[in-house]
Structure formats: C-alpha cells, structure tokens
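Chemist: Quick one: structure below, then a few questions.
Numbering (my numbering), first residue to last: 496 to 767.
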C-alpha cells in the first residue's frame with residue numbers, strides 16, 4: 496500500500512473506500528503497474544536496459560503463476576491474487592507491453608494509435624478491478640474501458656509540458672495537431688494562441704464525453720465499489736472542467752481543491 500500512495504494522482508487508487516478484503520489485492524496490482532511504469536521512465540538506464548527489465552517482469556510473472564519460485568515478494572503476492580480471483584493474466588502483459596512501447600515510441604500519428612496505447616496502459620486496471628469484484632460482465636467492461644481511457648487522456652492533457660520536457664513524448668494525435676495548425680515546436684516553446692487553446696480544449700471535451708459515456712458503470716454497481724467508481728468519474732470530470740477553465744494556460748497541471756473534492760464526494764454519494 497505504501498507504493499500505491501507514493502505518487503500524487505488526482506484519482507484515488509486502492510483507497511479506503513474499497514472493500515477491506517480487496518484493498519491489499521488492489522495495492523498489489525497497482526504496485527506491479529507502478530513498478531513497471533517506473534522502469535520505463537525513472538532513472539538513467541539505457542532503452543535496452545529498460546526493455547530487458549520489463550521483459551524480466553513478464554518472465555517472473557509467468558514463472559510465479561506456473562508455480563516456480565521467484566525471489567521478489569511482489570510476484571508471490573500476484574500469484575496469490577491472480578489465482579484466488581482468476582484474473583486474466585494477459586491484462587498484466589498488456590500493461591508491460593504499453594510500458595515497453597513508452598521506451599521507444601514518442602509520437603502518435605492518430606487518435607486510434609493513442610486509444611490503442613490506452614487499451615494496454617489504462618484499460619487493464621479497470622478490467623482487473625471488475626474481475627476482483629466479480630463484476631466483469633461485457634457491458635461493465637465496455638464502460639470501464641471508456642472511463643480508464645478517458646482518465647489516461649486526461650492525464651496526458653495535464654502533463655503536456657512534463658511529458659515533452661522529461662521524455663520527449665507527445666501523446667496527442669499528430670494528424671489532428673497538423674489539421675489545427677499546432678506543431679511539436681509550439682508545444683516545446685509553450686506557445687499560446689487561439690488555435691492551440693481550441694485544439695487542447697477539443698481534446699479535453701472528447702475525453703470528458705468518453706467519461707460521461709462510461710458513467711453508467713458507477714450508477715450500476717452498488718456498495719463501496721460503485722461509490723469509488725463514481726468518485727473517480729467525478730474526479731475526472733472535475734479535472735476536465737479545470738483544464739477548460741484555465742483558458743490558454745494549457746501547459747499547467749490543475750490541482751483539485753478541497754471544494755472540488757467535497758463536490759466529487761457529494762455527487763458520488765447522491766449517485767449523480
């Protein structure tokens with residue numbers, strides 16, 4: 496759980512709202528994803544070393560699930576969680592595949608390419624949560640994918656400057672940027688202009704609509720899990736509103752205020 500809480504996020508992960516019997520399993524899954532993400536991004540290792548380390552995570556996972564001894568306690572915990580809840584192991588490999596892609600892919604030619612990345616980098620987490628809670632029906636999976644992809648897109652929009660400065664990555668569709676008259680050089684220079692603001696706002700509104708399209712999941716699921724999902728949805732929508740309210744300050748990451756968070760919780764409790 497300590498790893499799960501070690502990074503700031505606008506969206507709750509493995510929070511106290513999850514049913515107590517699931518929290519440790521959520522934390523194990525999140526720790527796996529966080530560790531893989533850090534291997535792709537943190538430190539000063541070469542791309543080759545990062546890929547090798549991520550491949551080793553996949554091999555260790557398979558070894559643990561096949562009953563072989565693995566030194567890292569994370570994989571022993573994953574073995575227990577995966578077997579107990581009959582989780583889809585491919586979802587863990589999808590996460591690793593997305594993080595390996597982060598090592599050597601820095602541009603996305605179309606929104607379809609961005610969504611394919613989201614399918615592997617974000618959607619597996621939502622599907623695993625549904626599997627943990629015994630709610631992984633087709634309709635729920637569909638809405639969860641919309642929510643998780645929207646959350647990923649919102650994170651991209653919050654971190655345009657950081658992704659470019661720290662890792663030379665642009666998670667925005669190049670074809671849509673070109674059509675809007677926005678260049679990577681504009682983003683590098685943190686240029687402002689109506690065309691840039693309009694483009695980023697259009698991307699934000701699309702993510703917002705995806706979130707709304709999947710919001711039925713939070714209303715369908717009862718109990719603490721439904722409440723948690725509704726808080727996440729309202730959190731994502733709050734960040735979208737904050738991004739839109741910033742106007743041409745498109746390179747700044749908004750932080751949710753205490754008032755925002757109280758509003759998120761109130762709406763979630765009222766099942767809105």
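Glycine included, every Cβ here is placed at the ideal spot set by N, Cα and C.
#1: On a CA-only basis, which of 711, 556 and 746 is nearest residue 636? Give me that one, please.
#2: Any idea what DSSP makes of residue 568, helix, strand or coil?
#3: Tell whether a beta-carbon distance below 8 Å holds between residue 655 and residue 728.
#4: From residue 684 to residue 563, what distance separates their C-alpha atoms?
#5: Quick check: does the Cβ of residue 538 come within less than 7 Å of any heavy atom belonging to the ligand ZN?
#6: Do the region 599-607 and the region 572-591 touch if we need at least three Cβ pairs shorter than 8 Å?
#7: By how many angstroms is the C-alpha of residue 631 removed from the C-alpha of residue 622?
#8: Can you name, in chain order, every residue of its own chain whose Cβ lies under 8 Å from the Cβ of residue 569, other than the five neighbours on each side?
#9: Which residue wins for smallest C-alpha separation from residue 513, given the options 673, 719, 688 and 645?
#10: Below 6 Å CB to CB, which residues in the same chain sit around residue 572 once its five sequence neighbours on both sides are set aside?
#11: The alpha helix (DSSP H) with residue 539 in it runs from where to where?
#12: For a minimum of 4 consecutive residues, which ranges assigned as the alpha helix (DSSP H) are wholly contained in the region 654-728?
#13: Nearest to residue 699 by CA position, among 742, 608, 547 and 633, is which residue?
#14: Where does residue 668 land, buried or exposed, given buried means 16+ other C-beta within 10 angstroms?
#15: For residue 591 and residue 680, what's the separation of their Cα atoms in angstroms?
#16: Out of curiosity, what's the CA-to-CA distance linking residue 618 and residue 702?
#17: Nearest by alpha-carbon distance to residue 544: which of 588, 577, 556 and 598 is it?
#18: Taking only the alpha-carbon atoms, compute the straight-line gap between residue 589 and residue 549 and give it to the nearest angstrom.
Modeler: According to the structure shown:
#1: 711
#2: helix
#3: no
#4: 51 Å
#5: What this structure holds is no ligand at all, so the ligand ZN is not there to describe.
#6: no
#7: 7 Å
#8: 523, 526, 527 and 530
#9: 719
#10: 523
#11: First-last for residue 539: undefined, no H or E at that position.
#12: 655-662, 669-674, 679-683, 689-709 and 711-715
#13: 742
#14: buried
#15: 30 Å
#16: 14 Å
#17: 598
#18: 12 Å
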